[in-house]
Amino acid sequence: MATLSTEHCVVFLFFVVVVVCLFGCCCWPTARSMTWPLSQLNIVLFSNFLACCSWSVTYPVAPKLILHLCNEDMALAAHLMASISALDAIVEFFANPLCGWLADRHGRKPVWLGCLCLSALANILMAVGTQYFGLFAVYLATIIAGPSRSLMTLAFAIIEDLTPQKDPGAKQSPGHSARFGLPIAAMGAAMIVAPGSGGVLFARFGLTAPFWAAAAIDFVAILWTIPLMTETLVADSASKPTGEGLGSRLAAILRSVCQLFNSRASSVLIFSYFCLLLSKGVYSTVMLFAQVRFAWTPLDTGIFMSFVGVLVVLMSGPVLGAVMPMFGEHRVVSVALVLGVVHLLGFGLASKGWQMYAVMFATSLELMANPALRAIISQRGAAGRAERGKFQGGLGAVAAIARVCGSAGFQQLFSTFGVGPRAPVGAHAWLAPGVSFFAAAAATFVSWVSFEWGMVSARLDERNNNNNSSSSNSNTSNNNSYRQVAVLPTAVGAVDCEAVD
């Protein structure tokens, strides 16, 4: 296996610095011409973009590194990938409230820099420690890098800090909601650039090169953040005692999850959302699957992930915004879920590498299912402004649980029935590596059936509420009429008494 020499490290660091300087020269005049909040927003978004690049540049290479540490044992590598994915999701589940609690108490910038430092340390440990400590370094790096996944949550909190608060009855500007989609766009842009770059670095310099590159990107993000990013948490808000500790935050997550199931329709829709996210866990097996069936290298996987990143940005942004008003949320989600079933079946049945691109492009509309379904659930969930944060936190907890179950379950399924001793033999043996995709297609089908059931239940609930409200209004009008008839003789008698007097 090729290694990254000192000369290569120096050349790559110089390349990263040049790219960052060119990007800064292009964006800095735009930021200087805007007001202070928008300038800070650009600074935060670029730092978030670098953090996402640091994470995704190692994405195509991590399974190859695990396979190398397992002496090319595919079944054992799949088992280890399942445990690592589950550990990463569990650490992220607990790191989100911890980082939020620290950011509310000590400010956004220190926690942001701390997450970047932990990410850099984890990448260095993956590059160096795996040569001396093997798989122990991988598990330790996964735990260390867990809090860095909270940067997206911190980005939303910073945007909320930078957004001027208006009166409750005032109408928000159109750009208010658009700002909250910018961190997701930054992540999509990173998915376009970084995985392909990681594949190129592996092909040119070896397995550890993408991890050194990720650490270099983290250090660039730190150097960008320290002088330019300003603390956005107001001093009064930071010093205001809330009476909530870390234990209260963790308990609030469990309460918010329970509060999601406040009606039959909401429960069914959230179950549909859970099944959809559960099926997305199958993508943790894509790299091993492609290596077994198509003999793909990390470079091939990185190019494919960059192609997927382009489709994610397009389908989750402009295409979704154009399609939603034309066809409505119900039709968009239904079609997207059906295409999701076809999409996963096509992946499992693909026999050539180019068919993965064809299936991905032909069924790319299935990428709209996640944001559209979440929008429907949010509209039928918390109505008050004070409840939206808890509601979104509950959905985030559901997503984390689905990620734990999906990643570990599909990796285990792939290692046992795809490449393990229980894999079928004979004429249909070539279908064995796609067993995870077939199971994910079944989960997506259950999500579609649950969604249709949930929408029918929602209509029935609305009809019952309308009938109850109309019957209560009619009863109220009848009672008012009775009161008017009963009061009329009394009023007439009073007038007669006054006339006699």
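So for the sequence shown, this note's numbering puts the first residue at 90; every next one is plus one. Yeah, the Cβ is synthetic: ideal placement off N, Cα and C, and Gly gets one too.
Per DSSP, what kind of secondary structure is M318 in: helix, strand or coil? The count along the sequence shown starts at 1 and reaches residue 318 at position 229. In the structure shown, M318 sits in coil (DSSP, three-state: anything other than H, G, I, E or B).
Can you list, in chain order, the residues of its chain with a C-beta nearer than 6 angstroms to that of G218? Leave out the 5 residues immediately preceding and following it. Position 129 of the sequence shown, counted from the start, is the residue given in the question as residue 218. Once the five neighbours on either side are set aside, the close Cβ partners of G218 are A226.
Consult DSSP for E161 and reduce its assignment to one of helix, strand or coil. The sequence position of residue 161 within the sequence shown is 72, counting from 1. In the structure shown, E161 sits in coil (DSSP, three-state: anything other than H, G, I, E or B).
Is the region 525–533 close to the region 391–409, with three or more CB pairs under 8 angstroms? With the rule of 3 Cβ pairs closer than 8 angstroms, the region 525–533 does not count as touching the region 391–409.
Cβ pair T231, N185 closer than 7 angstroms: Along the sequence shown, one-based indexing puts residue 231 at 142. Along the sequence shown, one-based indexing puts residue 185 at 96. Between T231 and N185, the C-beta spacing is not below 7 angstroms.
What separation, rounded to the nearest whole angstrom, lies between the Cα atoms of L317 and G189? Taking the first residue of the sequence shown as 1, we reach residue 317 at position 228. Taking the first residue of the sequence shown as 1, we reach residue 189 at position 100. The alpha-carbon atoms of L317 and G189 are separated by roughly 22 angstroms.
Quick check: the region 157–177 against the region 494–510, are at least 3 beta-carbon pairs closer than 8 angstroms? Cβ pair count under 8 angstroms is three or more, so yes.
Close-in-space but distant-in-sequence residues of the same chain around V581 (CB under 7 angstroms, 5 per side omitted): Translated into positions along the sequence shown, residue 581 becomes position 492. Summary for V581: the model assigns pLDDT 36, below 50, so the residue's position carries little reliability, and this model does not support an answer.
Would you mind sorting P284 into buried or exposed? The rule is 16 or more other CB atoms within 10 Å of its CB. Walking along the sequence shown from the start, residue 284 turns up at place 195. The residue is buried, with at least 16 neighbouring Cβ atoms inside 10 Å.
Can you tell me where the alpha helix (DSSP H) with E249 in it begins and where it stops? Position 160 of the sequence shown, counted from the start, is the residue given in the question as residue 249. Here the alpha helix (DSSP H) through E249 covers L240 to L251.
Taking the alpha carbon of D544 as the point to measure from, which residue in A175, S355, F245 and Q444 has its own alpha carbon closest? For the purposes of this step, residue 544 is taken as the residue at position 455 of the sequence shown. Correcting the residue identity first, residue 544 is Met in this sequence and not Asp. Of the candidates A175, S355, F245 and Q444, the one whose C-alpha sits nearest the C-alpha of M544 is S355.
Proximity of A489 and A178 at Cβ, strictly below 7 angstroms: Numbered from 1 along the sequence shown, position 400 holds the residue referred to as residue 489. Numbered from 1 along the sequence shown, position 89 holds the residue referred to as residue 178. In contact: A489 and A178 (Cβ atoms closer than 7 angstroms).
Are V84 and V412 close, meaning C-beta to C-beta below 7 angstroms? The first residue shown for the chain is 90 and the last is 590, placing residue 84 beyond what the model contains.
So N487 and I359 are in contact, right, with Cβ under 8 angstroms, and what is the actual spacing, rounded? In the sequence shown, the residue the question calls residue 487 occupies position 398. In the sequence shown, the residue the question calls residue 359 occupies position 270. One detail in the question is off: residue 487 reads as Val in this sequence, not Asn. That belief holds up - the Cβ atoms of V487 and I359 are roughly 6 angstroms apart, short of 8 angstroms.
Work out the CA separation of Q129 and C204 for me, nearest whole Å. Walking along the sequence shown from the start, residue 204 turns up at place 115. Walking along the sequence shown from the start, residue 129 turns up at place 40. The alpha-carbon atoms of C204 and Q129 are separated by roughly 19 angstroms.
Pop quiz: S405 and M449 are said to be a contact at Cβ under 8 angstroms. What is the actual Cβ separation, rounded to whole angstroms? Along the sequence shown, read from residue 1 onward, the residue named residue 405 stands at position 316. Along the sequence shown, read from residue 1 onward, the residue named residue 449 stands at position 360. No, S405 and M449 are not in contact; Cβ-Cβ is about 15 angstroms, not under 8 angstroms.
Contact belief for F436 with G523 at Cβ below 8 angstroms, rounded distance in angstroms: Locating residue 436 in the sequence shown gives position 347, counting from the first residue. Locating residue 523 in the sequence shown gives position 434, counting from the first residue. Here F436 really is in contact with G523; their C-beta atoms are around 7 angstroms apart, less than 8 angstroms.
Backbone secondary structure at L296 - three-state DSSP: For the purposes of this step, residue 296 is taken as the residue at position 207 of the sequence shown. DSSP places L296 in coil when its eight states are reduced to three.
Identity of the residue in S368, F294, C364 and F308 nearest P387 by Cα: For the purposes of this step, residue 387 is taken as residue 298 along the sequence shown, with counting starting at 1. With distances taken between Cα atoms, P387 lies closest to F294.
I'd like the list of long-range same chain contacts for A310, defined as Cβ closer than 8 angstroms, with 5 residues on each side in sequence excluded. Sequence index remark: in the sequence shown, residue 310 carries index 221 (1-based). S136, L139, A140, S143 and L205.
Please tell me whether G417 and E455 are closer than 7 angstroms, where the distance is taken between their beta carbons. What you label residue 417 is simply residue 328 of the sequence shown in a count that begins at 1. What you label residue 455 is simply residue 366 of the sequence shown in a count that begins at 1. In this structure, E455 does not lie closer than 7 angstroms to G417 by Cβ.
Between I281 and the rest of its own chain, which residues show a CB-CB distance below 6 angstroms, the 5 nearest in sequence each way excluded? Taking the sequence shown and counting its residues from 1, one reaches residue 281 at position 192. Same-chain partners within the cutoff: S395, G398 and V399.
Once the 5 residues before and after V493 are set aside, which same chain residues still bring their CB inside 7 angstroms of it? The residue given as residue 493 occupies position 404 in the sequence shown. Apart from the 5 residues on each side of it in sequence, V493 sits with its Cβ closer than 7 angstroms to the Cβ of A175, A178 and I179 in its chain, given in chain order.
State the CB to CB distance for the pair A164 and I155, rounded to an integer number of angstroms; the pair is presumed to be in contact (CB under 8 angstroms). Working through the sequence shown from its first residue, we reach residue 164 at position 75. Working through the sequence shown from its first residue, we reach residue 155 at position 66. 12 angstroms between Cβ atoms; not a contact.
Specify the secondary structure class of Y372 as computed by DSSP and reduced to three states. For this step, residue 372 is matched to residue 283 along the sequence shown. If DSSP states are grouped into helix, strand and coil, Y372 belongs with the helices.
Label L549 either buried or exposed according to how many other C-beta atoms from any shown protein chain fall within 10 Å of its C-beta, with 16 as the threshold for buried. Locating residue 549 in the sequence shown gives position 460, where the first residue counts as 1. It is exposed - the Cβ of L549 has fewer than 16 other Cβ atoms within 10 Å.
DSSP three-state label for W385, please. Your numbering for residue 385 matches position 296 in the sequence shown. Correct three-state label for W385: coil.
Does R511 pass the burial test, meaning 16 or more other C-beta atoms within 10 Å, or should it be called exposed? As a first step, residue 511 is located in the sequence shown; it is residue number 422 there, counting from the start. With fewer than 16 other Cβ atoms within 10 Å, it is exposed.
Using the C-alpha atoms, what's the distance from R197 back to L251? As a working mapping, residue 251 is identified with position 162 in the sequence shown. As a working mapping, residue 197 is identified with position 108 in the sequence shown. Answer to the nearest angstrom: the Cα atoms are 12 angstroms apart.
Would you say S286 touches the ligand MN, meaning its beta carbon is less than 6 angstroms from a heavy atom? The ligand content of the structure shown is nil, which means the ligand MN is not present either.
If I measure Cβ to Cβ from V357 and keep anything under 7 angstroms in the same chain, skipping five residues before and after, which residues do I get? For the purposes of this step, residue 357 is taken as residue 268 along the sequence shown, with counting starting at 1. Answer for V357: S539, W542, G543 and S546, listed in chain order.
Beta-carbon separation (whole angstroms), L202 vs A234, contact threshold 8 angstroms: Reading the sequence shown from its first residue, position 113 is the one you call residue 202. Reading the sequence shown from its first residue, position 145 is the one you call residue 234. Approximately 15 angstroms separates the beta-carbon atoms of L202 and A234; this is outside 8 angstroms, ruling out the contact.
Cβ neighbours of L134 in the same chain (closer than 8 angstroms, five flanking residues each side left out): Working through the sequence shown from its first residue, we reach residue 134 at position 45. Within the same chain, Cβ atoms closer than 8 angstroms to the Cβ of L134 are found at A244, L271, P272 and A275, the five residues on either side in sequence being excluded.
To the nearest angstrom, how far is the alpha carbon of I132 from that of N553? Counted from its first residue, the sequence shown places residue 132 at position 43. Counted from its first residue, the sequence shown places residue 553 at position 464. Using only the alpha carbons, I get a separation of about 50 angstroms.
Enumerate in chain order the residues of its own chain whose CB-to-CB distance from Q182 is below 8 angstroms, with the five nearest sequence positions on each side excluded. Within the sequence shown, numbered from 1, the residue matching residue 182 stands at position 93. For the sequence presented, residue 182 should be read as Phe rather than Gln. Hits under 8 angstroms: A486, A489, I490 and V493.
Evaluate P330 with the Cβ neighbour count: other Cβ atoms within 10 Å of its Cβ, from every protein chain shown; 16 or more gives buried, anything less gives exposed. On the sequence shown, position 241 is the one that residue 330 refers to. Model confidence at P330 stands at a pLDDT of 44, short of 50, so the residue's coordinates are unreliable and nothing is read from them.
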